[in-house]
Amino acid sequence: MKRFSSNPVNLARWVPILMAVLLTAQIAGAQSAARSDAAASDVREIDVVRDASDLPRDIRPRPIDDNTADTLLLFTNNDPDPVRVKCLARNTYGEVIGRARTGIAGNGLSYLRASDLSYGRDFVGHAECKTSGHTTATSVFVGPDLTNLDVQSRQSGHVTLHDFPAIATY
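Under my numbering, the first residue of the sequence shown is numbered -4, with each subsequent residue one higher.
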C-alpha cells in the first residue's frame, strides 16, 4: 500500500490541485444557490394563523402504526408587542419548496408545521426564519415519539434569525 508522504515536494504538487477542486466546488455551489434563490421568488407564501391553544392537539405522539410525522417550529415572542415570523423551507438539494408566515401576540407563542411550509407534500430539508423582534425558537419532531431538534438563532438589531437545520414531514 502506497502512503502519502508529507515531503514538501509532494505537498507542493497537491496544493494547487486541491485548491482548484475547492474553488470549483465553491463556484458550483454559489451558482446552484443563485439558481435556487431565483426560483424562490416563484414560490407562494401562505399565512398561517395558529396560537398556543392549538398546540396540545399537534404536540401529541403519533401512533406507531401511523405513517405520519411532522416537525413543529415553535416561536415565543419575548417582546410585549406583536411580531411577524416569515419562514422559507429548502429541500435536501437546497431548492426553495415553500414559504409561510404567521404572527405572534406580545409575549405569546405561535408555531408552524413543516407541512405548512411544503403545502402538505412529504419532504426532508431545513428552514430559515426571520422575526421582527426578540423571539426564541424551538423545534420538535412529532412522530411515534417527540424529539427535540436543534435550532440556531442569532440576533441582528431588531430582527432574530432562526435556522432549523433538520425538518421533515411525511
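C-beta: ideal position from N, C-alpha, C; glycine also. Because the structure is a prediction, the values reported are computed rather than measured.
Where do the ends of the alpha helix (DSSP H) carrying P51 lie? Judged by DSSP secondary structure, P51 falls within the alpha helix (DSSP H) whose first and last residues are L50 to D53.
Through-space distance from D158 to S148, alpha-carbon basis: Between S148 and D158, the C-alpha separation is close to 6 Å.
Distance, Cα to Cα, H129 vs G103? Computed Cα separation, rounded: 12 Å.
Which first and last residues belong to the alpha helix (DSSP H) in which D111 is found? Looking at the DSSP string, the run of the alpha helix (DSSP H) that includes D111 is A109 to L112.
Please report the residue range of the beta strand (DSSP E) in which V135 lies. It spans T130 to V137 - the beta strand (DSSP E) in which V135 sits, taken as one unbroken run.
Pick from T63, D42 and P139 that is closest to G98, judged by C-alpha positions: Considering only alpha carbons, the answer is D42.
Determine contact between the stretch 135 to 147 and the stretch 73 to 84, defined as no fewer than three beta-carbon pairs at a distance below 8 Å. Contact between the stretch 135 to 147 and the stretch 73 to 84 is absent, because fewer than three Cβ pairs lie under 8 Å.
Considering Cα atoms alone, identify which of A161, R108, D49 and F118 is closest to K81. With distances taken between Cα atoms, K81 lies closest to R108.
Could you give the distance in angstroms between the alpha-carbon of K125 and the alpha-carbon of A95? Rounded to whole angstroms, the separation of the alpha carbons of A95 and K125 is 11 Å.
Given this structure, state the Cα-to-Cα distance separating E123 from R85, to the nearest angstrom. One C-alpha to the other measures close to 8 Å.
If I follow the unbroken beta strand (DSSP E) through P160, where does it start and stop? Secondary structure note for P160: its beta strand (DSSP E) is the uninterrupted segment V154 to T164.
Between N72 and R45, what straight-line distance do the alpha-carbon atoms span, to the nearest angstrom? Spanning the alpha carbons of N72 and R45 requires a straight line of approximately 14 Å.
With a threshold of 16 other CB atoms inside 10 Å of the CB of S113, please say whether the residue is buried or exposed. The Cβ neighbour count for S113, taken over all protein chains shown within 10 Å, is at least 16; the residue is labelled buried.
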